[in-house]
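Under numbering that gives the first Met the number 0, the first residue of the first sequence carries the number 0, and numbering increases by one thereafter.
Note that beta-carbon positions come from the ideal geometry of N, C-alpha and C, so glycine has one too.
Since the structure comes first, as structure tokens, the remarks are kept for the end.
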Amino acid sequence: MNNKLKRDFYQREDVLQISKDLLGKYLVTNFEGQLTAGMIVETEAYRAPDDKASHAYLNRFTDRTKVMFEAGGVAYIYLCYGIHHMFNVVTAQEGIAHAILIRAMEPVDNIELMQQRRQFDRLKPQLTAGPGVMSKALGILTQYTGTSLVAPDSPIWIEDRDHIIPPEAIVASPRVGVDYAEECASWPWRFRVKNSKWTSKAK
DNA sequence: CACGGGATCGTCT
DNA sequence: GACGATCCCGTGT
Numbered sequence: 000m001n002n003k004l005k006r007d008f009y010q011r012e013d014v015l016q017i018s019k020d021l022l023g024k025y026l027v028t029n030f031e032g033q034l035t036a037g038m039i040v041e042t043e044a045y046r047a048p049d050d051k052a053s054h055a056y057l058n059r060f061t062d063r064t065k066v067m068f069e070a071g072g073v074a075y076i077y078l079c080y081g082i083h084h085m086f087n088v089v090t091a092q093e094g095i096a097h098a099i100l101i102r103a104m105e106p107v108d109n110i111e112l113m114q115q116r117r118q119f120d121r122l123k124p125q126l127t128a129g130p131g132v133m134s135k136a137l138g139i140l141t142q143y144t145g146t147s148l149v150a151p152d153s154p155i156w157i158e159d160r161d162h163i164i165p166p167e168a169i170v171a172s173p174r175v176g177v178d179y180a181e182e183c184a185s186w187p188w189r190f191r192v193k194n195s196k197w198t199s200k201a202k
């Protein structure tokens, strides 16, 4: 229980494997003493330099994307459509811009606060189904981009609570919202827990 | 349930 | 100046 994932977990080469391994893990935030958490049920892999859907395609290095080149175990958070704070896990060794978008989780700890942040008066699957709304429920903002997920004092981390997702319970499909990425758009790099009602809608 | 559009702003051209 | 790794609400069936 309460076993925080360490650098070794994040710094492996195979971003697809890590994306699957993250299913069933617990994403936790603790801002100003307010802890909230949920079990990850949906992820998407982005693998520069060859992936046209990645912000770091062809190793494009800008103020925004530079954090993706750091060693695995930090957060890459960016603003989408001026509204949504998208939370990604940076993986692999320094210099390799692999990242995993966390798309949905099953709410677990302090559901009341997550509902408050979303202005929900009762629990519905939409509370944390989708990358933008999941971040809102957890209180994650773009200003936390670059935050370590492994440092002892980090406000964001991922835990193993011994919840096993067997391989046959993982469904792979194309990623969402990446039609512009040509041949990469069809790559089955979106991973979901089969039969979970907490995942975002199928396309 | 399918669809169409508006919100809203940092980032890159 | 255009647009996006989204979401929600309105309309119509």
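Range of the contiguous alpha helix (DSSP H) that encloses residue i
i	result
L112	110-117
S18	14-20
V132	130-137
Y77	Premise fails: Y77 lies in the beta strand (DSSP E), 74-79, not in any alpha helix (DSSP H).
Contact set for residue i: own chain, Cβ-Cβ below 6 angstroms, skip 5 residues either direction
i	result
N29	P154
G131	H83
L137	T28, T35
W156	K3, V27, L148
A184	V177, D178
S134	H84, F86
Sequence-distant residues of its chain with Cβ nearer than 7 angstroms to residue i (five each side left out)
i	result
P124	K196, W197
Y56	A47, P48, D50
I164	L22, G23, V192
Straight-line gap, residue i to residue j (C-alpha atoms, nearest Å)
i	j	result
M38	L100	14 angstroms
T146	Y77	13 angstroms
T144	E167	33 angstroms
A180	P187	13 angstroms
L15	V66	19 angstroms
E148	D120	Sequence inspection shows Leu at residue 148; the Glu mentioned does not correspond to that position. C-alpha separation (whole angstroms): 31 angstroms.
T64	C79	14 angstroms
V40	R102	8 angstroms
R160	F190	20 angstroms
N194	Y25	18 angstroms
D20	T127	20 angstroms
Residues of its chain near residue i, where Cβ-Cβ distance is below 8 angstroms and the 5 sequence neighbours each way are ignored
i	result
D13	none
L122	P106, I110, Q114
Boundaries (first-last residue) of the beta strand (DSSP E) holding residue i
i	result
F86	83-90
D159	155-159
V170	169-172
F190	189-192
Cβ contact (3+ pairs, closer than 8 angstroms) linking the region 71-79 and the region 0-11: yes
Given 8 angstroms, three or more beta-carbon pairs between the region 105-119 and the region 84-91: Between the region 105-119 and the region 84-91 there are fewer than three C-beta pairs closer than 8 angstroms, too few to call the two in contact.
Sufficient close CB pairs (3 or more, under 8 angstroms) joining the region 109-123 to the region 164-184: no
Start-end ranges of the beta strand (DSSP E) lying completely within the region 4-65, minimum 3 residues: Runs of the beta strand (DSSP E) inside the region 4-65: 25-30, 33-46.
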